[in-house]
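Protein chains in written order, with our numbering: chain A, 562 to 769; chain B, 562 to 769. Notes to accompany the following structure.
2 protein chains.
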Amino acid sequence: MPRIRERSRLEGRLDKALKVFWEKGYYDTSIEDLSARSGLNRDVIYGGYGNKRKFFEMLLARYRDTYVARWFAPLEMPDATLVQAEAFFQQFLDLPDPADKLGCLMCLTSSEVSSHIRSVERIVSRFLGDLHSLIRAACVRSRERGEVRPTTDPDVVADYGVGAVLGLWAMVRSPMPRSAIAHYVKGVRTYLRGLRPARGAGEIDGGV
Amino acid sequence: MPRIRERSRLEGRLDKALKVFWEKGYYDTSIEDLSARSGLNRDVIYGGYGNKRKFFEMLLARYRDTYVARWFAPLEMPDATLVQAEAFFQQFLDLPDPADKLGCLMCLTSSEVSSHIRSVERIVSRFLGDLHSLIRAACVRSRERGEVRPTTDPDVVADYGVGAVLGLWAMVRSPMPRSAIAHYVKGVRTYLRGLRPARGAGEIDGGV
DNA sequence: TGAATCCTAGAACGATCGTTCTGCATCTCT
DNA sequence: AGAGATGCAGAACGATCGTTCTAGGATTCA
């Protein structure tokens, strides 16, 4: 519950603070960094949120409700199938904003903080679980429609998809060239298309 | 160049120090941790290797020459094809030693330190480049033998493979259950098998 | 046995961190 | 205009870190 007077500017400042965590990660971000680059005073952070950890968790929830929600949008359509899963991966090839160099804060947090702080692990687990559920549901719908082979296990596809997202963002943070990410996404799409019923499943390789 | 008297016990102590970095990551490991758990005195670390960063880089090279070399073995056979690439991924499902919970130190370092320290980035880049080359070479051989479609781009397959490795180890470090990793590897194998020439490429789904 | 060498434990330094406190400027409202 | 709440910058505390230094115990070899 931050003070009233600055509430008008608060939103923008929280976004700036979020981006600091996003760039540098949790441990490498100091309160000084946050304060200097967001305009939020230490008192606002401590008075309003308690400590660094709680402040971070609040911003992590904020990240989920904005960036993650936008990325999940294709999969959250009530009749989403694996076609939307392909679109979900495809969108990462043309990223706006900061994400093109920073990757995904949830995935970064998953490897950096998740094992150290229980409360953060819960947030990350929920993110991974949501992603799993969405892909799984899409796969079930695809199977009902006969768009994938009936032997396809939605849980296997969902786990694969979650791992693919983690791998994608690990690549972004790694020293690999941008072209490699495009190749990787292409591979994931190839996998998804390979789930389709036998006839013609083989030769859909050269597509975009 | 550590002192002479303790050289007999040095190897085992370096391995212990390596495991501390492997467990906790570079930044979360203090010299105290290293000293206490490995038996190496601070003076041995500083006198022998200069500072924490150089000591870490030496252990990273050591890691490459032992663990990584062992994992790369199937792909380093002079006539390795994508069959060996499948075996390469398959071996991560039955990991001995510490790796089953700790993942891969190179991949951990890639996301944690690589962007901060130039000299470490070079080591990680070389690791990623080696992996890329091995998968690429295997793909070229498979293509020469007609085991994959002639339109298959070895660079795309190699980049996909590298991303798949990063994703695999990101999963291991994440809160995801162990079963998800098995599903993920299964998916990667499905991708690799999907590269085979059209006839019959579709229905090889239920295999181990 | 004695001297040179090596190993270890501990203190110490400067830096940085998360967090709290204090003093003062600024704003809101009657 | 004046009182009270709210804003900020800086100092300060205790903890931890990487790194260096020092003193003394242990080991090796003539």
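The beta carbon of each residue, even a glycine, is placed where N, CA and C say it ideally should be.
Look at the beta carbons and you see the segment 680 to 700 of chain B not touching the segment 728 to 741 of chain B: under three pairs across the two are nearer than 8 Å. B/I742 belongs to the set of residues whose beta carbon lies under 9 Å from a beta carbon in chain A. Just so you know, the alpha carbons of A/F649 and A/R623 end up roughly 21 Å apart. Around the Cβ of A/D720, a 10 Å sphere holds 16 or more other Cβ atoms; the residue is buried. Along the segment 659 to 735 of chain A, the beta strand (DSSP E) does not occur as any fully enclosed run of 3 or more residues.
Around the C-beta of A/A597, fewer than 16 other C-beta atoms lie within 10 Å, and the residue is accordingly described as exposed. Around B/F616, the same chain offers I606, Y610 as residues with beta carbons nearer than 7 Å, after the five sequence neighbours per side are excluded. With a beta-carbon spacing of about 5 Å, A/P736 and B/S686 fall inside the 8 Å limit used to define contacts. Around the beta-carbon of B/S694, fewer than 16 other beta-carbon atoms lie within 10 Å, marking it exposed.
The C-beta distance from B/I696 to B/V718 rounds to 6 Å, short enough to fall under 8 Å.
B/S591 sits in coil when the DSSP states are folded into three classes, being neither helix nor strand.
Your pair A/A578 and A/L753 does not check out as a contact, with CB atoms roughly 36 Å apart and the cut at 8 Å. In summary, B/R574 is buried, with 16 or more beta-carbon neighbours lying within 10 Å of its beta-carbon over all protein chains present. At a cut-off of 4 residues, the continuous stretches assigned as alpha helix (DSSP H) that sit fully inside the segment 590 to 633 of chain B are 592 to 599, 603 to 610, 613 to 624. When the beta-carbon positions are compared, B/T713 and B/C700 come within less than 9 Å of each other. Neighbours of A/S675 across chain B, judged by C-beta separation under 7 Å: S735, P736.
For A/S740, there are no CB contacts under 8 Å within the same chain when 5 residues up- and downstream are skipped. A residue is called buried when at least 16 other Cβ atoms come within 10 angstroms of its Cβ; B/K662 does not meet this threshold and is exposed.
About 16 Å separates the Cβ atoms of A/V581 and A/L571, ruling out a contact at the 8 Å cut-off. In the three-state reduction of the DSSP assignment, B/D576 falls in the helix class.
Annotated three-state conformation of A/T751 is helix, per DSSP. When CB distances to chain A are screened at a threshold of 9 Å, the residues of the segment 696 to 725 of chain B falling below it are R710, T712, T713, D714, D716, V717, V718, A719, D720, Y721, G722, V723, G724, A725, in chain order. The Cβ of B/V644 sits no closer than 9 Å to any Cβ of chain A. Each of B/T627, B/E705, B/V749 was checked against the Cα of B/D576, and the nearest Cα belongs to B/T627. The Cβ of B/L654 sits no closer than 9 Å to any Cβ of chain A.
B/R702 places its beta carbon less than 9 Å from that of B/A641. When the beta-carbon positions are compared, A/Q651 and A/R750 come within less than 9 Å of each other. Around B/L729, the beta-carbon contacts reaching into chain A at under 8 Å are G724, G728. At a C-beta separation below 8 Å, B/L689 has these neighbours in chain A: S735, P736, M737. Excluding its 5 nearest sequence neighbours in each direction, B/R706 has C-beta neighbours in its own chain below 8 Å: T642, listed in chain order.
Membership of B/A648 in the alpha helix (DSSP H) is indicated by the continuous run 643 to 651. Between B/D589 and chain A, the shortest Cβ-Cβ separation is below 9 Å.
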